Structure formats: C-alpha cells, structure tokens
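**Student:** I am attaching a structure below and will ask some questions about it afterwards.
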DNA sequence: CGATTAATGTGGCCACTGCCAACATTCTAG
DNA sequence: CTAGAATGTTGGCAGTGGCCACATTAATCG
C-alpha cells in the first residue's frame, strides 16, 4: 500500500505501532499513554487519531500483531517434527515461549475484557487463526490415532487452557521459578503428563 | 478494631471497599476510578486517602478479600467428599466457579503485573494461603497413593495452571461456551482427564 | 500543468483523573 | 477541659483521552 515515503511523516501508522510496543514494554499496558506514544513518534498529541480511532484501537492493533506472531511461532516450532504429538508439544511450548518473550503483547492480547473482540474484528480473526493452528495439530493427531477421537475442539481447548494458564501465571510471576528455562521445563513436564496419559 | 460507629462517617474503609467492588463490577478494573468510589461512598474525593495509600492500595485490598473468599470456596467445596481425588476435583471446580461468580475480583487478583505482590504483603499472604489449600489436597492424595509421589508443589502448580487457564479464558469469553453450566462441564472434563490419567 | 479536494498533522480546549498541601472538624487521651 | 491525633473537605497541579477548528501537504482531475 505505502511503499515510498507516502505522506507528511513518512509512515506514521507503523511508527506509532512500534513506539506503542516499546512503550508498553517499558511501562506496561496500564501506564501506556496515547500522548506519550505520539511524543515518541515525534508528532503532535492528536496525530494518532488519524490512524487509530482511539486508545483501544491502538491496543487492538498491537494485539492483532501479537496474534500473528504467535501463530507463526507455533507453526515454526512444529516444523521438522516427525511425530504429530511432538508437533503438538512444540506448539504448546512455543505458546509459553511467546508469552515469556512478549509479555506485554500477551497481556494486551488476552486481558482486554472483550471490547477487542467485538469492536476490532481484525484482532478477533487473528486470534481465531492462532487457535485454529493448535486445533489443526490436535486433529492430525486424532487422524493418526495418537489422540482419542472425540470433539477435537474440546481437546484443543484443553490444550489451550493448559498452556494459557502456565503462560499467565508465569508472566505475572506466580510460579516459583526464576529463569525462563525453569518455566519451560515446568511447561514441558505439564505437557508430557497430559500427552502421556492418552498416548 | 472498630465495633461501634467509630468516627465521622461511620466506617468509611468498609464502605469504600464495597463501593469499589460494585464499581469494578460495573465498569471493569480499567474504568475503575478512585474519585467515583469516593462519590459513591458519599465522601469527598480525598477522603479515601486516609484509608488507602493510593489507587493500587485499594485494588490490593479488593484482591486480598478475593483471595480469602477463594480459599473459603475451595475448602467448602471439598467438605464432605470422601475421596481425596474428589476433594481435589471439587476444589478445582470451585476455583473456576469463583472466577465466574466474581470475575472482577479475579481480574484484580491476577492481572496486576506484581506491584500487588511486592508492595502489599497482605494480598500476597492470602494468595499463598489459597495456593496452600490446593497444595494440601494434592499432598493428601499423594499420602493415600492416589497421585504419583514426586514434588507435590509441581503437581499442585499443574492443577493450578489448569484451572487458572480455564477460568481466565472463560471470563474473557474466549471459550465457545455460553452458559456457566457449560463452562463448568468443560472444566470437569478437563479435570477428569487429568486425574484419570494417574488414578 | 494548475486548481480543487481529500488526507494528514497541529494547537486549543474540556472534563476528568490521581495525588499533594492546607485547612476544618471530630474523636480520644491525659 | 484541653491538646493532639484521626478523619474528612476544599483547592490546586500536572497529566490524560478525546473533540474541534485550522494548517499543510499530497493526490486527482480539469
């Protein structure tokens, strides 16, 4: 759409998104401020309104990007795994890894009560795609008879709840593990337990 | 401490807490405002500062109360269960039920990045007690040989992650279930799967 | 080309917030 | 009964989100 320096600033929208992400990383989603974002992008406090309806709209854009990255991370992690169960496991670990690497993204993606979902279809669609990725791994395991047949959605939701719980507790520092490595080890333990049960 | 009508207002602290909880229930933790709480309690916008250091301190008080209620709910649910596994299962379901009944409390309790934990020891202590309750159920199952021996903390964290993930996804409306009954049915399915695996 | 029009960025404004300081009132001790 | 502590009030400041009217630049079309 905008290949060459398009308008006044250049490409403000992208710049604002970047600035927003960095700001959230510094002060958290709560301390996040539209005006500070504008400041960092070097524009007036009102410029962002030309690209985002309001504060929440910018947040939703951050979330959208986060979901895309999450989907990619899961797909990438599952590559080159010969066993379908391994693919599922790797995807789950990638989910937790993503949360640890981008805790602010993760928070924005999942803490919004759901205004994001109703008023920002882009975000919702990317979220569905992320879940769809997990779901496809579950289905392929069922096809190979490595998971019990039954509602694949229910099983995928089980897996999702699992890794989501771990991720959320981890980034809010509720788990008694210090390093990311320890957290991932715990995640692996949990996933192995769940998968071993029905292998 | 304060049995008889103590001071000017009566007992402002309690009134503020109640007003805060109702306000959060209406507008969510984000839209929550100290001044609005004061308004609802019928006092000036600065009165709350005599009872709470700042906004976060009030939030922490809400969280503290939430953790207490959560602990009670789990203990109560586990009563009169003859099997230790049933106690564990009931406690887990009570965790999800609590989240569904008091989503605002739950959000305040677990969404804070962790300023709550460091600056508000009361809240942290009540949170530990809630986890301790879960842990005790796990331990008693191990003692009876109904759960594999091993680090009980690790198993309790597994259980916690599980129900926490379900609860969080449920109250942010990420699960494709409409009624609380359906959500609880799903939670039961998940718990049964996990427990059946190692019975 | 040149002028019109839409897209983008700016400064000013309002209501609101959290929090601080100074002051007023009421309770409790001595 | 009085001094001092506890509680509540008024006023103020800096900062925010979001609206408006205005300025400036880019894209389009005669």
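Protein chains in written order, with the numbering used here: chain A, 1 to 199; chain B, 1 to 199. Idealized CB from N, CA, C, for every residue including glycine. No experiment lies behind these values; they were computed from the predicted model shown.
Is there a C-beta anywhere in chain B that falls below 9 Å from the one on residue 164(A)?
**Tutor:** Here residue 164(A) refers to the residue found at position 164 when the first chain is read from its first residue. At least one chain B Cβ lies under 9 Å of residue 164(A).
**Student:** Are three or more beta carbon pairs between the segment 153-168 of chain B and the segment 147-167 of chain A nearer than 8 Å?
**Tutor:** Touching, per the Cβ criterion.
**Student:** List, in order along the chain, the chain B residues whose C-beta lies closer than 8 Å to that of residue 154(A)?
**Tutor:** As a position in the first chain, residue 154(A) is number 154, starting the count at 1. Per Cβ cutoff of 8 Å: 186 and 189.
**Student:** Which chain B residues are close to residue 111(A), counting only those with a beta carbon under 7 Å from its beta carbon?
**Tutor:** Residue numbering aside, residue 111(A) sits at position 111 when the first chain is read from its first letter. Going along chain B in sequence order, the residues near residue 111(A) (Cβ under 7 Å) are 111.
**Student:** Any Cβ of chain A within less than 9 Å of the Cβ of residue 61(B)?
**Tutor:** As a position in the second chain, residue 61(B) is number 61, starting the count at 1. With 9 Å as the cut-off, residue 61(B) does not count as an interface residue toward chain A.
**Student:** In chain A, which residues lie with their C-beta within 7 Å of the C-beta of residue 125(B)?
**Tutor:** Against the second chain, residue 125(B) aligns to sequence position 125. Within chain A, no residue comes near residue 125(B); the closest Cβ sits about 14 Å away, beyond 7 Å.
**Student:** Determine, using beta-carbon pairs with one atom in the segment 121-141 of chain B and one in the segment 56-66 of chain B, whether at least three such pairs fall under 8 Å.
**Tutor:** Contact between the segment 121-141 of chain B and the segment 56-66 of chain B is present, because at least three Cβ pairs lie under 8 Å.
**Student:** Applying a beta-carbon distance threshold of less than 8 Å, which residues of chain B neighbour residue 168(A)?
**Tutor:** If you number the first chain from 1, residue 168(A) lands on position 168. Within 8 Å Cβ-Cβ: 110, 164, 165 and 168.
**Student:** Within 8 Å: the Cβ of residue 118(B) and any heavy atom of the ligand SAM?
**Tutor:** The ligand SAM is absent from the structure shown, which contains no ligand whatsoever.
**Student:** In this structure, how does DSSP classify residue 43(B) when only helix, strand and coil are distinguished?
**Tutor:** Translated into positions along the second chain, residue 43(B) becomes position 43. Residue 43(B): coil per DSSP, three-state reduction.
**Student:** Please state the DSSP three-state secondary structure of residue 193(A).
**Tutor:** Translated into positions along the first chain, residue 193(A) becomes position 193. Helix.
**Student:** Any Cβ of chain A within less than 9 Å of the Cβ of residue 50(B)?
**Tutor:** Locating residue 50(B) in the second chain gives position 50, counting from the first residue. Answer no: the Cβ-Cβ gap between residue 50(B) and chain A never drops below 9 Å.
**Student:** Return the Cβ separation of residue 91(B) and residue 109(B) in integer angstroms, given the expectation that the two are a contact with Cβ distance under 8 Å.
**Tutor:** Here residue 91(B) refers to the residue found at position 91 of the second chain. Here residue 109(B) refers to the residue found at position 109 of the second chain. Not confirmed; about 17 Å, so no contact.
**Student:** For the candidate residues 184(B), 193(B) and 196(B), whose alpha-carbon lies nearest to that of residue 93(B)?
**Tutor:** As a working note, residue 93(B) is residue 93 in the second chain. Considering only alpha carbons, the answer is 184(B).
**Student:** Could you give the residue range of the alpha helix (DSSP H) that holds residue 76(B)?
**Tutor:** For the purposes of this step, residue 76(B) is identified with residue 76 of the second chain, where counting begins at 1. Residues 55-78.
**Student:** For residue 137(A), collect the residues of the same chain with a Cβ closer than 6 Å to its Cβ; drop the 5 residues on either side in sequence, then sort them by chain order.
**Tutor:** Counted from its first residue, the first chain places residue 137(A) at position 137. 87, 88 and 91.
**Student:** Quick one: what does DSSP say residue 150(B) is sitting in, helix, strand or coil?
**Tutor:** Along the second chain, one-based indexing puts residue 150(B) at 150. If DSSP states are grouped into helix, strand and coil, residue 150(B) belongs with coil.
**Student:** Is it right to say residue 120(A) is buried, meaning 16 or more other beta carbons lie within 10 angstroms of its own, or is it exposed?
**Tutor:** Residue numbering aside, residue 120(A) sits at position 120 when the first chain is read from its first letter. Buried is the call here.
**Student:** Under 8 Å Cβ-Cβ, which residues of chain A neighbour residue 175(B)?
**Tutor:** Position 175 of the second chain, counting from 1, holds the residue named residue 175(B). The answer, in chain order, is 157.
**Student:** Are residue 45(B) and residue 39(B) closer than 9 Å when you measure CB to CB?
**Tutor:** Position 45 of the second chain, counting from 1, holds the residue named residue 45(B). Position 39 of the second chain, counting from 1, holds the residue named residue 39(B). A contact, by the Cβ cut-off of 9 Å.
**Student:** Of all Cβ atoms in chain A, is any one closer than 9 Å to the Cβ of residue 2(B)?
**Tutor:** On the second chain, position 2 is the one that residue 2(B) refers to. Reliability fails at residue 2(B), whose pLDDT of 36 lies under 50, so the model's placement of it is uncertain and the value that follows must be treated cautiously. Judged by the 9 Å Cβ criterion, residue 2(B) is not in contact with chain A.
**Student:** Provide the residue span of the alpha helix (DSSP H) that contains residue 142(B), from first to last.
**Tutor:** Residue numbering aside, residue 142(B) sits at position 142 when the second chain is read from its first letter. It spans 121-143 - the alpha helix (DSSP H) in which residue 142(B) sits, taken as one unbroken run.
**Student:** Do residue 100(A) and residue 171(A) have their beta-carbon atoms positioned less than 9 Å apart in this structure?
**Tutor:** On the first chain, position 171 is the one that residue 171(A) refers to. On the first chain, position 100 is the one that residue 100(A) refers to. Their beta carbons are under 9 Å apart, which means residue 171(A) touches residue 100(A) by this criterion.
**Student:** DSSP three-state call for residue 202(A): helix, strand or coil?
**Tutor:** In the structure displayed, chain A extends from 1 to 199; residue 202(A) sits before or after that span and is not available.
**Student:** To the nearest angstrom, how far is it from the Cα of residue 196(A) to the Cα of residue 79(A)?
**Tutor:** Counted from its first residue, the first chain places residue 196(A) at position 196. Counted from its first residue, the first chain places residue 79(A) at position 79. Using only the alpha carbons, I get a separation of about 21 Å.
**Student:** Does DSSP put residue 186(A) in a helix, a strand or coil?
**Tutor:** Translated into the one-based positions of the first chain, residue 186(A) becomes position 186. Residue 186(A): helix per DSSP, three-state reduction.
**Student:** Residue 194(B) CB to nearest chain A CB: under 9 Å?
**Tutor:** On the second chain, residue 194(B) is found 194 positions in, with the first residue counted as 1. Residue 194(B) counts as touching chain A.
**Student:** Output yes if chain A places a C-beta closer than 9 Å to the C-beta of residue 97(B); else output no.
**Tutor:** Position 97 of the second chain, counted from the first residue, corresponds to residue 97(B). Chain A contact via Cβ: absent.
**Student:** The alpha helix (DSSP H) with residue 105(B) in it runs from where to where?
**Tutor:** Reading the second chain from its first residue, position 105 is the one you call residue 105(B). Looking at the DSSP string, the run of the alpha helix (DSSP H) that includes residue 105(B) is 103-111.
**Student:** Buried or exposed: which applies to residue 176(A), given that a residue is buried once 16 or more other Cβ atoms fall within 10 Å of its Cβ?
**Tutor:** Taking the first residue of the first chain as 1, we reach residue 176(A) at position 176. Exposed, by the Cβ-count rule.
**Student:** For residue 37(A) and residue 189(B), what's the separation of their Cα atoms in angstroms?
**Tutor:** For the purposes of this step, residue 37(A) is taken as residue 37 along the first chain, with counting starting at 1. For the purposes of this step, residue 189(B) is taken as residue 189 along the second chain, with counting starting at 1. Spanning the two alpha carbons is a distance of roughly 45 Å.
**Student:** Are any of the Cβ atoms in chain B nearer than 9 Å to that of residue 140(A)?
**Tutor:** Indexing the first chain from 1 puts residue 140(A) at position 140. So no, residue 140(A) is outside the interface.
**Student:** Can you tell me whether residue 5(A) is buried or exposed? The criterion is at least 16 other CB atoms within 10 Å of its CB, across all chains shown.
**Tutor:** As a first step, residue 5(A) must be located in the first chain, where it is residue number 5. Here residue 5(A) scores only 40 on pLDDT, less than 50, and its place in the model should not be relied on; the value that follows carries that caveat. By the neighbour-count rule (16 or more Cβ atoms within 10 Å), residue 5(A) is not buried but exposed.
**Student:** May I ask which residues mark the beginning and end of the alpha helix (DSSP H) holding residue 26(A)?
**Tutor:** Translated into positions along the first chain, residue 26(A) becomes position 26. Run containing residue 26(A): 12-31, per the alpha helix (DSSP H) assignment.
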